[in-house]
Every structure is written in C-alpha cells, then in structure tokens.
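Undergrad: Pasting a structure here, questions to come.
There are 2 protein chains.
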Amino acid sequence: MSRRTAQRDAIRAAFEAAGRPLKPDEVLALAQDAVPGLGAATVYRNLRRLTDDGWLRAVNLPGEATQLYERADLAHHHHFHCETCDRVYDVHVCPGDLSHLAPAGFRVAAHELVLYGSCAACAAE
Amino acid sequence: MSRRTAQRDAIRAAFEAAGRPLKPDEVLALAQDAVPGLGAATVYRNLRRLTDDGWLRAVNLPGEATQLYERADLAHHHHFHCETCDRVYDVHVCPGDLSHLAPAGFRVAAHELVLYGSCAACAAE
DNA sequence: ACTTGAATGAGAATAGATTATCATTATCAT
DNA sequence: ATGATAATGATAATCTATTCTCATTCAAGT
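The listed protein sequences derive, respectively, from chains C and S.
Position 72 of the first sequence, counting from 1, maps to 72 under the numbering used here, and the rest follow consecutively.
So the number in the numbering used here is just where the residue sits in the second sequence, counting from 1, plus 1000.
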C-alpha cells in the first residue's frame, strides 16, 4: 500500500506553489526548503510516481535535455521559455485549430507551441 | 585549408534529397548509400562543421533527445512530427504574429510550432 | 608523383540525465 | 507500541547521444 511522506508532500507543494513547469533540479531545490535532507533520487522516484498516478504530466519542450513536469489537471495551454533565466511559464491562450496548416493528407492530432523571449522579470532588467 | 571529401558531399546530398529535418542516424543511413564505409563520427563532425559554416541549422523539437538538422537557407517555417514513423516534415505556413499570446511584460522574440499526428504515408495505412 | 596535413573510421571516452541498489528510516494497520 | 514493508538517501550504475583519440587515408598545392 501507499504511504504518505513529507518528501512527496513537499514535491507536490513545490508544483502548487510554482504554478509553472519545473525541472527535476528545480523541484529538488524547492522541496528542500521543506525537507532539507531530500535527495535527488527521491525527487525522480516521485516525479515518475506522481506522473503514473495522473497527478503530474511530462512536458516536452524543444532543446531541453531535461524532462519538465507540470500538474496534470491543467487545461490545454502552451509555454513560454525565457531565454535569459531558462524558466518556463504557462501561456493560457492558444492560436486555435491548426489542422489546416499541415500538408494535404497529413492528419493533425495535437500541436505544441512554444514562445521564446524574456519573461517579465528578465525583460525589466 | 578545407578539403572536399566524398563523405561531406554525401551528407550534403542527403539533406538536399530528403527535404526535411534529419537525425544524425538518418543522415548516416542515407549517406552510406553513396559512401558505404561512412562512420558515425564523420557524420557528427560534418553536421557540426556544416552548421558552423552556415549550411545547416540545428532544429530543436519537443521530446527529441537527438538533435535534428535542416538546411540553413530555409525560410521561416514549422514542423510536423509523425507519431507513427517518427519522421519530421516541414510545414511551410505559420500562424503569424504570436507576440500577443504572451503574458503582459513578456517579450516574445521567436516561436516554435510543432504539429503532431500522422503523415500522409502513415495516415493512408 | 610527392608531400603535407585535413579528414576519416573505429572504438574508447565523455557528459548529462535518469535509474538501480541496498542499507536504513519511518509510516500505518494491527 | 510493534512489526511488516513502503519509502528514503547516498552512491553506483546505466543509458544514450555526442565527442575525443589516434593511426591511417587521401585531397590538393607544389
């Protein structure tokens, strides 16, 4: 059976507080505020488990070697990748139906849109 | 000084014939038709060199661990990733200016759009 | 044709993210 | 409170893409 742990609680809390997709090392840093001794293996274990449980979802972004995660209950949205601080933010708008963009004969099932630039914090500097 | 080699010619020819972004192992397979003994190291060396020379450009796609390349002289466009055969195709249309999609204060410098689904060949089956 | 060193091919080495191992800790049904 | 075992933490191991090493080959200026 499953047992509740302070480590997993802290990892969940990190996502709830961040409100944006997180990399494993970001999760580690954030969750270590609540659980100082937290180890990287535990973060990876729980990222996978929470994904299997349907609480998290893997986010695939261009050019990212590391796998990002976000809460699975979010509605369809896109992402903004800040080229300065390397953080990823949610963009809760969508250009809409893009199936007409594909060549004839191609069947479009989904799409991913990523904006690049500077986030508000980085653009202000 | 630079020397012309059959290997590099074959790699260039692979891109010209394919007309779509290629992974290193695809380049290797295609170029080996012209140069049977071609090694993987030579492919990687030339992908980097041709990129440095401005003939190729790296393509970053979501969820791709491997680095794709395409000819650098292509105009702005997007990509279609076939989930069946895993090939990537060019999509020569663009939804246009997307800067309004970003949150206030965010500065959009570029965007990447990827369509997912089945390419014509795979959808027909 | 000769010579120089750019380029290659094979395999070892590297790099980075993720996963496995295993002794230890701690949850929770009893 | 106790015991079974789920979960953890530290570290080793793995995995895969890419780069390095180095002896050998070959392009091209002479």
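Backbone N, C-alpha and C fix where the C-beta goes; we use that ideal spot for every residue, glycine too.
Computed from a prediction, not measured in an experiment: that's the story for all the values here.
Give the residues of chain S in contact with C:R48, contact being defined as C-beta atoms less than 7 Å apart.
TA: By Cβ distance, chain S contributes nothing, its closest Cβ being about 16 Å from C:R48, past 7 Å.
Undergrad: Go ahead and label S:P1036 buried or exposed: buried means 16 or more other beta carbons lie within 10 angstroms of its beta carbon, across all protein chains shown.
TA: Exposed.
Undergrad: Could you tell me the distance, in whole angstroms, from the CA atom of S:C1119 to the CA atom of C:L98?
TA: Their backbone Cα atoms lie some 15 Å apart in a straight line.
Undergrad: Where do the N-terminal and C-terminal ends of the beta strand (DSSP E) with C:F15 fall, by residue?
TA: Counting along the chain, C:F15 falls outside any beta strand (DSSP E), though it belongs to the alpha helix (DSSP H) covering 6-18.
Undergrad: Using Cβ-Cβ distances below 8 Å, what residues of the segment 1-27 of chain C are close to chain S?
TA: Answer set for the segment 1-27 of chain C: empty.
Undergrad: If we define contact as Cβ-Cβ less than 8 Å, is C:E112 a contact residue for chain S?
TA: Interface residue, yes.
Undergrad: Using 8 Å as the threshold, is the C-beta distance between C:S123 and S:R1107 below it?
TA: The amino acid at residue 123 of chain C is misidentified as Ser; the sequence shows Ala. Yes; because the gap between Cβ atoms is below 8 Å, this pair is in contact.
Undergrad: Using the C-alpha atoms, what's the distance from C:R48 back to S:A1072?
TA: Computed Cα separation, rounded: 38 Å.
Undergrad: In chain order, what residues of the same chain have a beta carbon less than 6 Å from the beta carbon of C:A6, not counting five sequence neighbours either side?
TA: If we look at C:A6 and ignore the five residues flanking it on each side, its Cβ neighbours are V35.
Undergrad: Starting from C:D90 and walking both ways along the beta strand (DSSP E), at which residues does that stretch end?
TA: Run containing C:D90: 88-91, per the beta strand (DSSP E) assignment.
Undergrad: Is the beta carbon of S:V1091 closer than 8 Å to that of C:A102?
TA: Yes, they are a contact pair.
Undergrad: Excluding the five sequence neighbours on either side, which residues of its own chain have a C-beta within less than 6 Å of the C-beta of C:G54, listed in chain order?
TA: Excluding residues within five positions, the ones whose Cβ falls inside 6 Å are A72.
Undergrad: Check the Cβ of S:R1087 against every Cβ in chain C and list those closer than 8 Å, keeping chain order.
TA: Correct list: empty, because the minimum Cβ distance to chain C is about 11 Å.
Undergrad: So which of C:L22, C:H79, C:S2 has the shortest CA-CA distance to C:I11?
TA: It is C:L22.
Undergrad: Of all the residues that make up the segment 1049-1068 of chain S, which are near chain C by a beta-carbon distance shorter than 9 Å?
TA: Those residues of the segment 1049-1068 of chain S that come within reach of chain C (Cβ to Cβ, closer than 9 Å) are A1058, V1059, N1060, L1061, P1062, G1063, E1064, A1065, Q1067.
Undergrad: Indicate whether at least one CB of chain C lies closer than 8 Å to the CB of S:L1115.
TA: Judged by the 8 Å Cβ criterion, S:L1115 is in contact with chain C.
Undergrad: Specify the secondary structure class of S:V1000 as computed by DSSP and reduced to three states.
TA: Absent from the model: residue 1000 of chain S. The displayed extent of chain S is 1001 to 1125, so no value can be given.
Undergrad: What runs of the beta strand (DSSP E), each 3 residues or longer, lie entirely inside the segment 1069-1125 of chain S?
TA: Complete beta strand (DSSP E) runs here, min 3: 1078-1082, 1088-1091, 1107-1118.
Undergrad: Interface residues of chain S around C:P36 at Cβ under 8 Å?
TA: Those do not exist, as C:P36 stays about 33 Å from chain S at its closest Cβ, beyond 8 Å.
Undergrad: Let me confirm a value: S:R1004 is counted as buried when at least 16 other C-beta atoms fall within 10 Å, else exposed. Which label applies?
TA: With fewer than 16 other Cβ atoms within 10 Å, it is exposed.
Undergrad: Which same chain residues, not among the five before or five after C:T56, have their C-beta less than 6 Å away from its C-beta?
TA: Checking the displayed sequence, the identity of residue 56 of chain C turns out to be Leu instead of Thr. Same-chain partners within the cutoff: L50, Y69, A72.
Undergrad: Residues in its own chain within less than 8 Å of C:V27 by CB, not counting five upstream and five downstream?
TA: Around C:V27: I11, A14, F15, V43, L47, Y69.
Undergrad: For C:F80, which residues of its own chain have a beta-carbon under 8 Å away from its beta-carbon, when the five flanking residues on both sides are left out?
TA: Excluding residues within five positions, the ones whose Cβ falls inside 8 Å are V88, Y89, D90, V91, V114, L115, Y116, G117, C119.
Undergrad: Looking at the unbroken beta strand (DSSP E) that takes in S:L1056, where does it start and where does it end?
TA: From DSSP, the beta strand (DSSP E) with S:L1056 extends over 1056-1059.
Undergrad: Just to confirm my understanding: we take C:E83, look at its own chain, exclude 5 residues before and 5 after, and list those with CB closer than 7 Å. What are they?
TA: Excluding sequence neighbours, C:E83 sits near Y116, G117, S118.
Undergrad: Report the rounded CA-to-CA distance for C:P95 versus C:A29, giving the unit in angstroms.
TA: So the alpha carbons of these two residues sit roughly 34 Å apart.
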